[in-house]
Amino acid sequence: MAPTILSSRVAWQGASWRLRVNSILLPDGSSVNKAVIEHPGAVVLVPLRESHDGPEILMLRQYRLALDQYILELPAGTRGWDEDWLECAQRELREETGFRGGRFESLGRCWPAPGLSNELMNIYLATTLQADPLPMDSDEIIEVMPIPLKKLVVMALDGQLQDAKSVVGILRADNYLRG
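Position in the sequence shown (from 1) plus 4 gives the number in our numbering.
Below you can see the structure in the form of structure tokens.
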């Protein structure tokens, strides 16, 4: 039997997500308050281009305030509440890498933190890239780094790559490209 929501209120709302606090009746008769982050969803891009050494992915070295460090990750971004998924993917790719994708292939979806949020991430392989930058968000500190796909697969499997959305995106892209 699933818990019953007795009451629910938005405790905080930002531009791209909100914090909802629910009072929940548990199956054993007790009640608890639980908070969840309601999120409009995000896109994750695996921007692929061919090099003389084979396929490479445009990765980002990006500062993340929550970790107080730079991390290596795939380009990604939050969509507007009613924004089309592919329009969001194209916008984020252009903002974060400076390239427009000519072709997008779905690599599926994933929930990055289902114990905390309803955020759903759509993952896309972006190919036939052409330079077409958009201005970055003012709070982003990003360096684009092309890295061979085979090196990224090793990094994803041995723990060097710790960003979950990037691990999923890299491994799914590798699997897709292998046929």
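Note that the Cβ used here is the ideal one computed from N, Cα and C, for glycine as well. In this text, all values refer to a predicted model and were calculated from it rather than measured experimentally.
Assumed close pair residue i, residue j - CB separation to whole angstroms, cut-off 8 Å
i      : j      : result
Gly105 : Leu97  : 5 Å
Val14  : Gly173 : Actually they do not touch by this definition, with Cβ atoms about 31 Å apart.
Leu62  : Leu165 : No, Leu62 and Leu165 are not in contact; Cβ-Cβ is about 14 Å, not under 8 Å.
Ala168 : Pro116 : 6 Å
Leu181 : Ala160 : The pair is not a contact, with the Cβ atoms about 14 Å apart (cut-off 8 Å).
Beta-carbon contacts of residue i that lie in its chain and below 6 Å, excluding the five residues immediately before and after
i     : result
Glu99 : Leu138 and Met140
Cys92 : Val47 and Arg83
For residue i: DSSP bridge partner residues
i      : result
Trp16  : Leu23
Tyr67  : Tyr74
Pro152 : Glu60
Ile146 : Gln66
Tyr128 : Leu49 and Ser110
Counted within 10 angstroms of its Cβ, other Cβ atoms place residue i as buried (16 or more) or exposed
i      : result
Ser170 : buried
Ala6   : exposed
Asn126 : buried
Gln73  : exposed
Leu52  : buried
Gln134 : exposed
Gln17  : exposed
Leu156 : buried
Ala130 : buried
Close beta carbons around residue i, own chain, < 8 Å, minus the five adjacent residues each side
i     : result
Ser12 : Arg24, Val25, Asn26 and Ser27
Cutoff 7 Å; reference residue i; Cβ partners in own chain excluding five residues on either side
i     : result
Leu29 : Pro7, Thr8, Leu10 and Ser35
- Query: Do three or more CB pairs link the stretch 64–82 to the stretch 36–49 at distances below 8 Å?
  - Reply: By the Cβ test, the stretch 64–82 is in contact with the stretch 36–49, since at least three Cβ pairs between them sit closer than 8 Å.
- Item | the stretch 143–152 / the stretch 55–75 touching (three or more Cβ pairs under 8 Å) | Between the stretch 143–152 and the stretch 55–75 there are three or more C-beta pairs closer than 8 Å, enough to call the two in contact.
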